[in-house]
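First residue of the sequence shown? That's 1045 in this note's numbering, and the numbers climb one at a time after it.
Glycine residues also receive a C-beta, built at the ideal position from the N, C-alpha and C atoms.
Bear in mind that the values here come from a model prediction, so they are computed numbers and not experimental data.
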Amino acid sequence: MKRPWNLPNIPVYSLATYEGDQVNMNICTYVSAVSMHPKRYMVAVYHHTKSLENISKSKTAILQILSQQHISLVNTLGKRSGIRYDKQSYLRKKHLLEDWNGRNVLKNCAGLLELEKLWAKDAGDHTMFLFDVKSFQTNHDEVLMLDDLREKKLVSI
């Protein structure tokens, strides 16, 4: 039997963080809308990662709601460290990046949210960030879900 926190089937996200014009992307499932007005999101970022380094030094990030076609990127974005591996070069070689609001993002995301950091709080093995939503775009509803990753045995939760 699954533990209570592993029961929900939730969307799979990637947080795009930036250092200058260099983008790094991860895989996030600890993500939640936490306010209707103003629109706010909470995103938990794993410790000792390039994503945490970047967002700690920056005020903005882009939350990408992944589409089902992104399932092949989960291992690269979620299991390879951006500290040791250049994810931007990989994604560029595969022609998987496009510009949105002046930033590199994945092509064909179900949705995109431009976020502005309000605060950060240590939350154990993750740091929890609260963000204001500055702008957003919805593209389609073919969202990659946690159960899709479970079916393909990409995660064990």
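May I ask you to report which of helix, strand or coil DSSP gives residue i?
i, result
"V1078", "strand"
"A1186", "The displayed chain sequence assigns Glu, not Ala, to residue 1186. Coil, per DSSP."
"P1052", "coil"
"L1157", "strand"
"E1169", "Note on identity: in this sequence residue 1169 is Asp, with Glu being the wrong assignment. Note: D1169 maps to coil in three-state DSSP."
"R1194", "helix"
On a CA-only basis, which of the options is nearest residue i? Give me that one, please.
i, options, result
"K1178", "R1147, N1119 and P1082", "P1082"
"L1117", "G1126, R1128 and L1135", "L1135"
"N1152", "E1097, Y1057 and Y1085", "Y1057"
"H1092", "N1053, F1175 and R1124", "R1124"
"S1102", "Q1132, L1190, E1158 and M1080", "E1158"
Exposed or buried, which one is residue i when buried takes at least 16 other CB atoms within 10 Å?
i, result
"T1171", "buried"
"M1069", "buried"
"T1182", "exposed"
"G1064", "exposed"
Could you pull out every unbroken beta strand (DSSP E) segment of at least 3 residues lying fully inside the region 1072-1135, listed in chain order? For the region 1072-1135, whole beta strand (DSSP E) runs of length 3 or above, ordered along the chain, are 1075-1079, 1084-1090 and 1104-1109.
Using a Cβ distance threshold of 8 Å, determine whether the region 1108-1121 contacts the region 1158-1166, with at least three qualifying pairs required. The region 1108-1121 is not in contact with the region 1158-1166.
Is the region 1137-1148 touching the region 1187-1200 in the sense that three or more CB pairs, one from each, lie closer than 8 Å? Output reads no: the region 1137-1148 does not touch the region 1187-1200.
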